[in-house]
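Basically the working numbering = 1-based index in the sequence shown + 85.
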Amino acid sequence: MHGNRLMTFLEKEISRRKTFGIISHPDAGKTTLTEKLLLFGGAIQEAGAVKSNKIKKAATSDFMEIERQRGISVATSVLAFEYKNYKINILDTPGHKDFAEDTYRTLTAVDSVIVVIDVAKGVEEQTEKLVEVCRMRQIPMIVFINKLDREGKDAFDLLDEVEQKLGLRVTPLSIPIGMGADFQGIYNMYENNIQLFLEEKKQKIGERVLIDNVNDPKVAQIVGEKPAERLQEEVELIQSVYPTFDRDQYLNGELQPVFFGSALNNFGVQELLDAFITIAPEPQPKMAEERMVSPDEDIFSGFVFKIHANMDPKHRNRLAFIKIVSGIFKRNENYLHVREGKKMKFASPNTFFADKKEIVEESFPGDIVGLHDTGNFRIGDTLTGGIPLHFKGIPNFSPEHFRYINNEDPLKAKQLAKGIDQLMDEGVAQLFIMEMNGRKLIGTVGALQYEVIQYRLEHEYGAKCTYEPVSIHKACWVEADEKSDEFLEFKRLKQRFLAKDKYGQLVFLADSSFTISMTQEKFPTIKLHFISEWAHAK
Ligand code: G4P
C-alpha cells in the first residue's frame, strides 16, 4: 500500500513541474523576461533583482569581471518559482557565444524552451545555433517576439523569417494590433482577449478585455474601426495560412506557437506564462544506454549537466548540478555514482528558489539539486538509487579554437595536470592528448576560455601555463573498424594529427575543411563526427 501511496504523491509532484530554458541572442531580453516571470511567481519583489550574467564584449580581458560573472552565474544557474501551484524551474543559458557549450549542455536538462527574439533585429546568429540544437533534440519550443513597444519588423515578415532561418513551423497565438507608430496592443488568440498600451510612450498597459472572437463589435470600440478591420483580415489570413495549434505537435517539436509582447513593459508576459503552464511538458522520460527511464519510477536517478567551481579559490569545492530524472532525491541517502562505482551521500544538497540557494530534504523529477563535490563528478555522470544506469546525450561539439598548453613551472607539473583535469571535468574546455608525443592541446568554443583557464590554474591550483598557437580547423571523432586495412593506413598517414580526447576516444585534428573532405574521400569507411555524443554512448 505504501508503494501505491508514494507513487501517487510522486506523480502529483511530477505533474506540477515545468523545467525549461530561455534562449536568445544577447540583448534580445532574456534576463528581463526571466525577471518578469519571477515577479509573477512572487519569487522576487522588484525589478532589477535578477542580475544579468551577460559577459559584456568589452570585458574579455578583465579577470575581475570574469570572476564577478562566475559569482552571478552560480546564483542564476537555476531560478525556481511557484505559480498557480506549478513549480517552475528556469535553467539559465549564457547568451555569450564563448559559453555556447555550457548552453548546449544545459539544453540536455530542459523539457522545453522559450526562444526570445527582438522584434527589430529579428533572428540573430546565436538564436539560429541554439534553435538548431533544440530542433535536433525535438525540444518543444515557444517563440516570444519581444520589444513590441519599439519600432520593429512587420509581424508577418518576422514569422516568415522565423520559419525560414530557424527551420520552424510556427503558429501565432497572439498578434500585434497595428505596427510601428500605429501599434496599439495585442490580440491574444489563445485566450481571446485584447490588451492595449495606454499612453503615447507605451509605458503603461491597460486591463485585459475579454472578447468573444475577433469579429466581436467590442473590438472596434476598443481599437477603432480601421484597425479592427485590419486585425480581422490578419486573423483570417493567419487562420488560412498557419496551422491550427495542436499540443501534441508542439510537444513533439513539430509546431512552435508564437507570442508577441514586451518584457520590459510586462506586456504579453502573463499570457505567455499562462499558456506556458498549460501547454509545456512536465518532466520527460530520458534515454539511458540500458533503457528508457520514466520520471515516475520509484528509484531515484539523475545526471550531472553542469559543474560550477566554488568562488573561494582556496577550497576546490565545486557544485555539481544534477537534473533529477526519476524518483525522489533525498538528503543523506546513499546513492550510487555509477561511473566510479561508489556509494555517496550528501549532507547539504542545495535547491534553488528565485536567486537563493537552500538546503533541501527532498527533490523531485524535473528539479535541479546542487551537490557539493570535491572532484568526484564529471559532466554527464549518472547518480542513482543503486541501479547501474548511464544517461546519454551530453554532447561535445568540436571546439573552434585550439592551442597547445605548456607548463611554465617545472616544480608545479602535478598541480597543472590536476588543474587541467578538473577544469575539463567542469566542461570549461576540451583536452586532447596527441598520439605522437603526448602533448596536451586545449580546445575551446571561444577565445575567452583561454584567459579563464590560465587565471584559474594560477589562482586555484598554483600552476602557471602558457599557450602555443596551432593551426587546427576542427576536431573530428573517428569511427572505424579498427582492424581494417583502411584504418591502419589512415592511422599511418594521419599520425601527426591524431589525438585522444578525455574519454580515450580517437580524434582526427583536421587543419582545414579541405583536408576533411579529402580524408573522407580517401577513406570512405571511416566516419568523421563533429559531435562526440555517439562516442560516449558506446
Ligand atoms: P539578454 O538577457 O537577452 O541579453 O537581454 P536583457 O534582458 O539584458 O535586455 C537587453 C536590453 O534590452 C536591456 O536594455 C533591456 O532593458 C532591454 N529590453 C528588454 N526587453 C525590452 C522590451 O520589451 N522593450 C524595450 N524597449 N527594451 C527591452 P539595456 O539598456 O541594455 O540594459 P539596462 O541598462 O536597461 O539593463
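All residues carry an ideal CB built from backbone N, CA and C; glycine is no exception.
Report all residues from its chain with a CB closer than 6 Å to the CB of residue i; omit the five preceding and five following residues, and keep chain order.
| i | result |
| --- | --- |
| F615 | S483 |
| A313 | V304 and A305 |
| R254 | L340 |
| A405 | V389, I392, L456, D458 and F462 |
| E485 | V530 |
| M509 | L516 and K587 |
If we count the other Cβ atoms within 10 Å of its Cβ and call it buried at 16 or more, is residue i buried or exposed?
| i | result |
| --- | --- |
| Y588 | exposed |
| Q580 | exposed |
| L192 | buried |
| P328 | exposed |
| S197 | buried |
| L468 | buried |
| L122 | buried |
| R577 | exposed |
| D570 | exposed |
| R376 | exposed |
| T188 | buried |
| A560 | buried |
| L316 | buried |
| F352 | buried |
| V343 | buried |
| K238 | buried |
| G114 | buried |
| F345 | buried |
| N350 | buried |
| L164 | buried |
With distance defined between alpha-carbon atoms, name the residue in the options nearest to residue i.
| i | options | result |
| --- | --- | --- |
| R424 | G270, H457, S448 and G465 | G465 |
| E275 | K559, Q269 and N298 | Per the sequence shown, the amino acid found at residue 275 is Tyr instead of Glu. Taking only the C-alpha atoms, the option nearest Y275 is N298. |
| R222 | Q369, L594, E511 and F385 | Q369 |
| M519 | D586, A185 and D239 | D586 |
| E319 | F352, S259 and F361 | S259 |
| S109 | S162, E210 and P450 | E210 |
| L421 | F438, N402, T436 and H475 | H475 |
| K477 | A498, S386, K442 and N491 | S386 |
| Y272 | A185, I296 and T256 | I296 |
| K499 | E511, D452, I527 and G547 | G547 |
| K430 | E443, K442 and R416 | R416 |
| E628 | L526, R524, T551 and K525 | One cannot answer for residue 628 here, as it falls past the ends of the chain, which runs 86 to 623. |
| F414 | I444, F282 and R235 | I444 |
| A542 | F105, V326 and D506 | In the sequence as displayed, the identity of residue 542 is Leu instead of Ala. Nearest of F105, V326 and D506 to L542, Cα basis: D506. |
| R332 | G309, T256, D381 and V354 | T256 |
If I'm right that residue i touches residue j with Cβ under 8 Å, what's the distance once you round it to whole angstroms?
| i | j | result |
| --- | --- | --- |
| F487 | V555 | 5 Å |
| Q605 | D183 | 29 Å between Cβ atoms; not a contact. |
| L594 | F582 | 5 Å |
| K250 | V200 | That belief does not hold up - the Cβ atoms of K250 and V200 are roughly 12 Å apart, past 8 Å. |
| F268 | L233 | 7 Å |
| A514 | I538 | 6 Å |
| I173 | G126 | 7 Å |
| I230 | L243 | 6 Å |
| I407 | V354 | Rounded, the Cβ-Cβ distance is 30 Å, inconsistent with contact. |
Could you tell me whether any non-hydrogen atom of the ligand NAD is closer than 7 Å to the CB of residue i?
| i | result |
| --- | --- |
| A365 | By its list of ligands, the structure shown excludes the ligand NAD, since it contains just the ligand G4P. |
Give the secondary structure of residue i by DSSP, where H, G and I count as helix, E and B as strand, and everything else as coil.
| i | result |
| --- | --- |
| D506 | helix |
| F94 | helix |
| D458 | strand |
| H393 | strand |
| R102 | strand |
| F599 | helix |
| K172 | strand |
| S637 | Limits of the chain in this structure are 86 at one end and 623 at the other, which puts residue 637 out of reach. |
| E221 | Residue 221 is actually Met in this sequence, not Glu. Three-state result, M221: helix. |
| V410 | strand |
| Q534 | helix |
| F437 | strand |
| M488 | In the sequence as presented, Met is not what sits at residue 488; that position holds Arg. Three-state DSSP puts R488 in a strand. |
| A405 | strand |
| I230 | strand |
| H422 | strand |
| S483 | coil |
Leaving out the 5 sequence neighbours to the left and right, which residues in its chain are closer than 7 Å to residue i when beta-carbon positions are compared?
| i | result |
| --- | --- |
| F572 | A565, D566 and I611 |
| P366 | D196, S197, P225 and L336 |
| V563 | L591, V592, F593, I611 and L613 |
| A622 | Here the model assigns A622 a pLDDT of 38, short of 50, so the residue's position is not dependable and the matter cannot be decided. |
Can you find the residues in the same chain that come closer than 8 Å, C-beta to C-beta, to residue i, ignoring five residues on each side of it along the sequence?
| i | result |
| --- | --- |
| I384 | S411, G412, T469, G470, G471 and I472 |
| D596 | S556, I557, H558 and F582 |
| Y171 | R101, R102, K103 and I362 |
| M86 | With a pLDDT of 43 at M86, under the threshold of 50, the predicted position of this residue should be treated as unreliable, though the coordinate-derived value follows. For M86, where only same-chain residues beyond five positions count, there are no Cβ hits under 8 Å. |
| K428 | N419, Y420, L421 and H422 |
Taking 8 Å as the threshold (beta carbon to beta carbon), is residue i in contact with chain B?
| i | result |
| --- | --- |
| I260 | The structure shown has no chain B; it contains just one protein chain. |
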